[in-house]
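Peer 1: I'd like to ask some things about the structure below.
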Ligand SMILES: Nc1ncnc2c1ncn2[C@@H]1O[C@H](COP(=O)(O)OP(=O)(O)O)[C@@H](O)[C@H]1O
Ligand SMILES: [Mg+2]
């Protein structure tokens with residue numbers, strides 16, 4: 009939260025528009041064409057008042073022979089209005105075409121970016137923040153674009169063409185506009201500068217409020233069990249109270265300046281009129297001309313006022329745009345080799361050669377000079393105290409992170425030589441917390457193999473010892489399981505995870521503490537499933553239970569990021585004073601960790 013507040017630039021309009029322009033790259037051509045259309049429209053819009061001038065001039069020096077002429081002019085005015093209305097129709101269509109395009113590709117690009125970014129990115133950012141970044145960014149750009157096309161661009165052209173026209177009619181009018189429009193703009197910039205601290209404060213407070221809201225909802229179970237509803241609520245209303253007072257300060261200032269801005273506009277009007285009357289009396293311009301000048305300058309000044317209010321809202325979007333832009337420029341830490349190896353088959357032998365790895369922003373390295381090999385077709389157990397680096401080893405094997413030093417070899421070749429997505433296809437993992445999508449059991453299992461047949465899914469569920477509980481659910485395999493699998497118990501989620509891994513039919517199968525948080529009944533079911541599917545694969549098991557580890561062909565003991573012991577159960581349990589022996593003795597007296 010704090011980081012973004014610091015990153016927010018001082019209002020920098022140039023950079024702001026540049027970033028939006030870059031985000032809108034796919035529409036740049038369309039937008040340019042749209043601008044030409046809007047420009048043409050604003051030119052045509054000046055023709056109407058001009059015809060009115062001609063009509064008035066004919067009336068003021070009325071001559072009956074002119075009657076048909078006047079009627080002709082009225083008819084032409086009508087046609088011009090129809091023309092404008094047609095151009096309006098074209099422009100509106102264009103604007104909406106571009107708008108729906110923008111919404112679609114901004115969301116698509118952001119989603120693509122998100123799912124392809126490495127785990128390193130996702131672990132560093134909070135989920136609520138990531139979702140808000142995308143939705144709010146897209147939303148703000150959408151509003152911004154419609155404001156721009158419907159209001160800002162037409163007004164800017166209108167003011168430019170009006171000024172030119174006024175110069176043509178009589179240069180004094182042009183000068184008047186050239187004094188009052190900039191005065192007005194200066195006042196607008198000034199008030200925005202004055203309210204900027206309040207506005208920034210408001211953004212910060214709004215973020216605090218939003219995060220309090222998310223936190224209380226995400227952790228609602230804890231809130232309720234500790235009877236903290238009221239405390240949470242009071243905290244939240246304090247934050248909204250702060251937002252309120254910032255908004256009030258901001259708007260008081262803006263409203264105060266509106267008085268001044270109104271004065272500028274009124275003075276502009278008065279000058280145009282006084283000077284116009286003077287010129288008419290002098291006989292330099294006709295009554296029609298003064299009506300014309302007054303009409304178009306009035307229109308321009310009023311739209312100026314209208315868009316100055318928009319300025320406020322545009323500046324509000326700057327932070328959201330900035331974040332979406334930063335996301336679009338985000339690069340994955342893991343570079344995929346474009347010409348990487350795409351093997352049809354792998355053996356499944358893994359070697360760690362002098363691997364060191366440190367997580368960003370952490371003082372100690374998670375792995376230090378780690379060497380070991382995991383043989384193809386064997387079961388290898390990783391054991392050791394929590395925080396020892398076991399999960400990090402798995403992340404290295406998946407290449408979620410690249411090592412700071414050393415090499416991970418798969419079948420004798422550095423992982424970085426492979427196509428990332430090709431080799432990951434040969435792996436499957438059952439983590440401690442199996443992630444469940446809010447869809448049916450069927451779809452959750454088939455996630456590993458989208459085209460899987462019903463029979464395949466059921467066979468996998470049976471092998472995973474999951475069928476028993478699935479059939480007891482209301483709709484069996486079609487039951488939807490709720491967000492994050494909330495309707496399933498830990499052991500049930502775990503078995504879904506195993507069924508998923510079975511369907512993937514991986515060459516390398518990894519269990520990362522798959523049974524650690526389970527009751528002994530579920531554990532037995534899962535243990536049994538693990539045994540069934542471990543044949544003829546390279547299996548890596550991270551576990552604490554002796555029963556699981558004992559059967560492994562090789563056991564690697566990791567402590568503080570180093571391999572401290574390596575061997576099979578018989579060998580390691582003989583090492584007196586060794587860590588493995590200690591871990592086992594602890595279990596014998598019933599302590600699990
Ligand atoms: N995403 C992360 N960012 C920073 N540090 C991490 C991250 N994941 C793990 N660590 C740290 O790395 C060390 C090893 O963690 P881990 O591999 O998860 O241990 P284990 O799985 O053996 O319990 C721990 O000190 C842990 O705090
Ligand atoms: Mg772990």
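Numbering (this note's numbering), first residue to last: 9 to 601.
Idealized CB from N, CA, C, for every residue including glycine.
Note that the structure is a prediction, hence the values are computed from the model and not measured.
Check each candidate in 123, 363, 584 and 312 and name the one with the smallest Cα separation from residue 416.
Peer 2: Selected option, being the one with the closest Cα: 363.
Peer 1: To the nearest angstrom, how far is it from the Cα of residue 159 to the Cα of residue 86?
Peer 2: In a straight line, the C-alpha of residue 159 is about 24 Å away from that of residue 86.
Peer 1: How would you call residue 590, buried or exposed, if buried means at least 16 neighbouring beta carbons within 10 angstroms?
Peer 2: Answer is exposed; the Cβ neighbour count stays below 16.
Peer 1: DSSP has residue 520 in a bridge; who is on the other side?
Peer 2: Looking at the DSSP assignment, residue 520 forms a beta bridge with 550.
Peer 1: Give me the DSSP bridge partner(s) of residue 448.
Peer 2: Paired residues: 488.
Peer 1: So which residues put a beta carbon under 5 Å from any heavy atom of ligand 1, going in chain order?
Peer 2: Any residue whose Cβ sits closer than 5 Å to a heavy atom of ligand 1 makes the list: 131, 367, 370, 374, 394, 395, 396, 397, 398, 399 and 400.
Peer 1: Quick check: is the beta carbon of residue 323 nearer than 8 Å to any beta carbon in chain C?
Peer 2: No chain C is present in this structure, which holds just one protein chain.
Peer 1: Around the C-beta of residue 418, are 16 or more other C-beta atoms found within 10 angstroms, so that it is buried, or is it exposed?
Peer 2: When all chains shown are included, residue 418 counts as buried.
Peer 1: Could you name the residues of the same chain whose beta carbon sits closer than 8 Å to that of residue 338, not counting the 5 residues immediately before and after it, in chain order?
Peer 2: Cβ within range, chain order: 121, 125 and 129.
Peer 1: List the endpoints of the continuous beta strand (DSSP E) containing residue 570.
Peer 2: From DSSP, the beta strand (DSSP E) with residue 570 extends over 570 to 575.
Peer 1: Apply the 10 Å Cβ neighbour rule to residue 552 and answer buried if 16 or more other Cβ atoms are within range, or exposed otherwise.
Peer 2: By the 10 Å Cβ count, residue 552 comes out buried.
Peer 1: CB residue 566 to CB residue 396, shorter than 8 Å?
Peer 2: In this structure, residue 396 lies closer than 8 Å to residue 566 by Cβ.
Peer 1: Quick one: is the Cβ of residue 441 within less than 7 Å of any heavy atom of ligand 2?
Peer 2: False, no ligand heavy atom lies under 7 Å from that Cβ.
Peer 1: Look up residue 560 in the DSSP assignment and say whether it is helix, strand or coil.
Peer 2: Of the three classes helix, strand and coil, the one that applies to residue 560 here is coil, per DSSP.
Peer 1: Would you tell me roughly how many angstroms separate the C-alpha atoms of residue 144 and residue 407, rounded to the nearest one?
Peer 2: Roughly 32 Å separates the two Cα atoms.
Peer 1: What separation, rounded to the nearest whole angstrom, lies between the Cα atoms of residue 528 and residue 435?
Peer 2: In a straight line, the C-alpha of residue 528 is about 27 Å away from that of residue 435.
Peer 1: Would you mind stating whether residue 192 and residue 224 have Cβ atoms separated by less than 8 Å?
Peer 2: No, the pair does not count as a contact, with Cβ atoms beyond the cut-off.
Peer 1: Excluding the 5 residues flanking residue 332 on each side, which residues of the same chain have their C-beta closer than 6 Å to its C-beta?
Peer 2: Excluding residues within five positions, the ones whose Cβ falls inside 6 Å are 145.
Peer 1: So does residue 237 have its beta carbon nearer than 7 Å to some heavy atom of ligand 2?
Peer 2: The answer is no for residue 237.
Peer 1: Skipping 5 residues on each side, what residues in its chain have a beta carbon closer than 7 Å to that of residue 311?
Peer 2: Around residue 311: 163 and 166.
Peer 1: Measure the alpha-carbon distance for residue 541 versus residue 381 and round it to whole angstroms.
Peer 2: Rounded to the nearest angstrom, the two C-alpha atoms are 22 Å apart.
Peer 1: Restricting to Cα atoms, I'd like to know which of 60, 478, 585 and 564 is closest to residue 304.
Peer 2: Residue 60 is the option with its Cα nearest to residue 304.
Peer 1: Specify, as a first and last residue, the run of the alpha helix (DSSP H) that residue 43 falls within.
Peer 2: Start and end: 36 to 68.
Peer 1: What do you reckon, are the CB atoms on residue 463 and residue 469 nearer than 8 Å?
Peer 2: Not in contact: residue 463 and residue 469 (Cβ atoms no closer than 8 Å).
Peer 1: How many Å lie between residue 175 and residue 81 at the Cα?
Peer 2: Their backbone Cα atoms lie some 24 Å apart in a straight line.
Peer 1: Taking only three categories from DSSP, how would you classify residue 174?
Peer 2: Three-state DSSP puts residue 174 in a helix.
Peer 1: Go ahead and label residue 602 buried or exposed: buried means 16 or more other beta carbons lie within 10 angstroms of its beta carbon, across all protein chains shown.
Peer 2: Since the first residue shown for the chain is 9 and the last is 601, residue 602 is missing from the structure and cannot be characterised.
Peer 1: Between the region 487 to 506 and the region 444 to 459, are three or more C-beta pairs nearer than 8 Å?
Peer 2: Touching, per the Cβ criterion.
Peer 1: Alpha carbon to alpha carbon, how far is residue 440 from residue 524? Give it in angstroms, no decimals.
Peer 2: If I take the Cα positions, the gap works out to 7 Å.
Peer 1: When you compare only the Cα positions, how much space is there between residue 350 and residue 423?
Peer 2: In a straight line, the C-alpha of residue 350 is about 11 Å away from that of residue 423.
Peer 1: What residue from 106, 560, 202 and 306 has the CA that sits closest to residue 34's CA?
Peer 2: When each option's Cα is compared against that of residue 34, the closest is 106.
Peer 1: Compare the beta carbon distance of residue 295 and residue 64 with 8 Å and say whether it is the shorter of the two.
Peer 2: For residue 295 and residue 64, yes; Cβs fall inside 8 Å.
Peer 1: Which same chain residues, not among the five before or five after residue 17, have their C-beta less than 7 Å away from its C-beta?
Peer 2: Summary for residue 17: the model assigns pLDDT 44, below 50, so the residue's position carries little reliability; its value from the coordinates is reported in the next sentence. Here the set comprises 23.
Peer 1: Would you report the Cα separation of residue 543 and residue 141, rounded to the nearest angstrom?
Peer 2: Each residue's Cα considered, the two are about 45 Å apart.
Peer 1: Find out if the Cβ-Cβ distance for the pair residue 149, residue 186 is shorter than 8 Å.
Peer 2: No, the Cβ-Cβ distance between residue 149 and residue 186 is not below 8 Å.
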